[in-house]
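Visitor: Residue numbers (UniProt numbering): 1 to 329.
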Amino acid sequence: MILVTGGAGYIGSHVVKALIMKNYQVVVIDNLSTGNQEALDPKAIFVKGDVRNPKDLGEIFSNYPIRAVMHFAANAYVGESVEKPAVYYSNNVNGMITLLKMMVQYNVKKIVFSSSCAVYGKPPCKMINESTPAIPINPYGWTKLIGEQLLRDFSTAYSLKYIALRYFNVAGAIDSGELGEDHTPETHLIPNIIKHLLGETKKIFVYGNDYETRDGTCIRDYIHVTDLSNAHILALEALLDSKAANRVYNVGNEKGISVNEIIKMCETIIGRKATVEYAKRRDGDPPALIASADLLKEEFNWKAQFDLKDMIESACQWFLNNPKGYKKP
Numbered sequence: 001m002i003l004v005t006g007g008a009g010y011i012g013s014h015v016v017k018a019l020i021m022k023n024y025q026v027v028v029i030d031n032l033s034t035g036n037q038e039a040l041d042p043k044a045i046f047v048k049g050d051v052r053n054p055k056d057l058g059e060i061f062s063n064y065p066i067r068a069v070m071h072f073a074a075n076a077y078v079g080e081s082v083e084k085p086a087v088y089y090s091n092n093v094n095g096m097i098t099l100l101k102m103m104v105q106y107n108v109k110k111i112v113f114s115s116s117c118a119v120y121g122k123p124p125c126k127m128i129n130e131s132t133p134a135i136p137i138n139p140y141g142w143t144k145l146i147g148e149q150l151l152r153d154f155s156t157a158y159s160l161k162y163i164a165l166r167y168f169n170v171a172g173a174i175d176s177g178e179l180g181e182d183h184t185p186e187t188h189l190i191p192n193i194i195k196h197l198l199g200e201t202k203k204i205f206v207y208g209n210d211y212e213t214r215d216g217t218c219i220r221d222y223i224h225v226t227d228l229s230n231a232h233i234l235a236l237e238a239l240l241d242s243k244a245a246n247r248v249y250n251v252g253n254e255k256g257i258s259v260n261e262i263i264k265m266c267e268t269i270i271g272r273k274a275t276v277e278y279a280k281r282r283d284g285d286p287p288a289l290i291a292s293a294d295l296l297k298e299e300f301n302w303k304a305q306f307d308l309k310d311m312i313e314s315a316c317q318w319f320l321n322n323p324k325g326y327k328k329p
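#1: Rounded to the nearest angstrom, what separates R282 and D210 at their Cα positions?
#2: Look at V27 and L99 and say whether their C-beta atoms are less than 9 Å apart.
#3: Can you tell me the Cβ-Cβ gap for V15 and S229, rounded? I've got them flagged as a contact below 8 Å.
#4: Are the segment 131 to 148 and the segment 202 to 218 in contact at 8 Å, needing three or more beta carbon pairs?
#5: According to DSSP, is L40 part of a helix, a strand, or is it coil?
#6: Taking the CB atoms as reference points, tell me whether V248 and S115 lie closer together than 9 Å.
#7: If you draw a straight line from the C-alpha of K48 to the C-alpha of L32, how long is it?
#8: Three Cβ pairs or more, each shorter than 8 Å: is that satisfied between the segment 186 to 201 and the segment 264 to 275?
#9: Could you say which of Y326, S314, N129, A18 lies nearest to N253 if we only look at CA atoms?
#10: Assign D182 to buried or exposed, taking buried as 16 or more other Cβ atoms, counted over all protein chains shown, within 10 Å of its Cβ.
#11: So who's on the other strand from T5, going by DSSP bridges?
#12: What's the gap between the Cα of V82 and the Cα of A288?
#13: If I'm right that G147 touches M96 with Cβ under 8 Å, what's the distance once you round it to whole angstroms?
#14: Please report the straight-line C-alpha distance between K327 and A8, rounded to a whole angstrom.
#15: If you drop the 5 nearest sequence neighbours on each side, which residues of the same chain put their C-beta closer than 6 Å to that of A279?
#16: Taking residue 332 and I163 to be in contact with their CB atoms under 8 Å, please state how far apart those CB atoms are, rounded to whole angstroms.
#17: According to DSSP, is I254 part of a helix, a strand, or is it coil?
#18: N165 and H232 look like a contact to me (Cβ under 8 Å); what is the Cβ gap, rounded to whole Å?
#19: With DSSP as the reference, identify every bridge partner of S115, one or two as the case may be.
#20: Who are the Cβ neighbours of S13 in its own chain at under 8 Å, not counting the five residues just before and after it?
#21: Please tell me whether Q105 and G58 are closer than 9 Å, where the distance is taken between their beta carbons.
#22: Under 9 Å between the Cβ atoms of T143 and V93?
#23: With V259 and L189 assumed to form a contact (beta carbons below 8 Å), what rounded beta-carbon distance in angstroms separates them?
#24: Relative to the C-alpha of S176, which candidate in S292, I11, I262, S314 has its C-alpha closest?
#25: When burial is assigned at 16 or more other CB atoms within 10 Å of the CB, is S292 buried or exposed?
#26: Quick one: give me the first and last residue of the beta strand (DSSP E) that A76 is part of.
#27: From which residue to which residue does the alpha helix (DSSP H) around F205 run?
#28: What are the uninterrupted segments assigned as alpha helix (DSSP H) that are 4 or more residues long and contained completely in the segment 88 to 160, given in chain order?
#29: How far does the beta strand (DSSP E) with K222 in it reach, from first residue to last?
#30: Just to confirm before moving on: does the CB-CB distance between V251 and W302 stay below 9 Å?
#31: Can you round the beta-carbon distance between L19 and I2 to whole angstroms, since I take them to be within the 8 Å contact cut?
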């Protein structure tokens with residue numbers, strides 16, 4: 001059985017679906033602070049609880065034969081982390097310490113960790129590989145880097161086996177249309193552009209057009225949520241089969257796209273013109289983050305199957321089919 005923390009969230013729910021499609025038995029713990037229970041596959045066992053609470057975790061570990069953990073539960077907004085660092089260190093760091101302690105107590109020794117490209121801060125190079133210095137510039141990035149250090153320390157002390165996936169900007173929706181992105185409030189770029197072009201908002205805000213990039217707006221590497229889910233499954237199976245352990249991998253498309261370029265692509269796909277307002281930069285936003293995913297490709301034979309057009313089209317279809325998200329009309 002696989003325990004998925006934060007399994008009702010955007011990425012977690014897609015991974016839960018992928019696990020069940022591969023015939024894994026899954027237990028999900030989520031406090032639903034940002035997740036949606038409606039996003040959970042009905043075949044998954046759901047426990048409403050908090051990873052910071054040893055009692056909630058203890059009930060799961062004592063009642064189910066957990067073989068490995070996939071840890072997604074976290075607060076994940078860069079700007080918010082600057083404004084509310086205590087919230088981020090409490091959930092992302094204290095929650096992970098509690099989870100790891102309970103894993104040791106119940107002799108569960110394998111974990112796939114949801115890390116982030118935010119650990120790199122403002123990297124000195126165009127393409128970021130796993131040896132690029134990790135120097136975060138916001139509390140969210142620090143919580144993820146501390147999480148990776150916790151894994152190393154628990155590995156040394158308790159023989160924990162881990163794989164940490166540093167992924168870049170996640171977008172898109174599952175092909176079936178069952179799952180998609182539904183945050184309140186929505187802060188991610190592609191959903192906000194789509195919602196604007198579909199008439200939900202009067203304008204979209206772009207935070208900063210004075211970066212040292214080709215058009216002044218931030219450049220990011222976007223990865224389809226299905227490609228990311230597949231990377232998680234490969235990482236889990238490598239741990240379960242003892243083929244890899246105690247490694248960190250980037251997961252990205254290896255292509256940098258600017259905010260303005262994404263807006264133009266969304267306009268082309270949807271056939272409408274966006275009203276854009278440029279605002280000041282957000283604290284903690286680096287100018288450019290582009291992945292080198294060579295290590296993941298070489299060691300796991302992983303390859304991104306979807307491009308940015310696929311991400312936008314699948315996300316658009318999700319919002320057309322589910323204008324209120326997971327909430328019923």
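All C-beta atoms in this analysis are idealised placements derived from N, C-alpha and C, irrespective of residue type, glycine included.
Guide: Straight from the coordinates:
#1: 12 Å
#2: no
#3: 5 Å
#4: no
#5: coil
#6: yes
#7: 7 Å
#8: yes
#9: N129
#10: buried
#11: I29, H71
#12: 19 Å
#13: 5 Å
#14: 14 Å
#15: F205, Y207
#16: Here the chain comprises residues numbered 1 to 329, so residue 332 is not present and cannot be evaluated.
#17: First, the amino acid is wrong: residue 254 is Glu here, not Ile. E254 falls in the coil class under three-state DSSP.
#18: Checking the sequence shown, residue 165 turns out to be Leu, not Asn. Correct: roughly 7 Å between the Cβ atoms.
#19: R166
#20: G7, G35, N36, A39, L40, D41, L179
#21: yes
#22: yes
#23: 6 Å
#24: S314
#25: buried
#26: Taken as a continuous stretch (DSSP letters only), A76 belongs to no beta strand (DSSP E), as it is neither H nor E.
#27: Where F205 is concerned, there is no enclosing alpha helix (DSSP H), although the beta strand (DSSP E) it sits in stretches over 204 to 207.
#28: 95 to 105, 139 to 158
#29: Position check: residue 222 holds Tyr in this sequence, whereas Lys was assumed. Taken as a continuous stretch (DSSP letters only), the beta strand (DSSP E) holding Y222 covers 219 to 224.
#30: yes
#31: 6 Å
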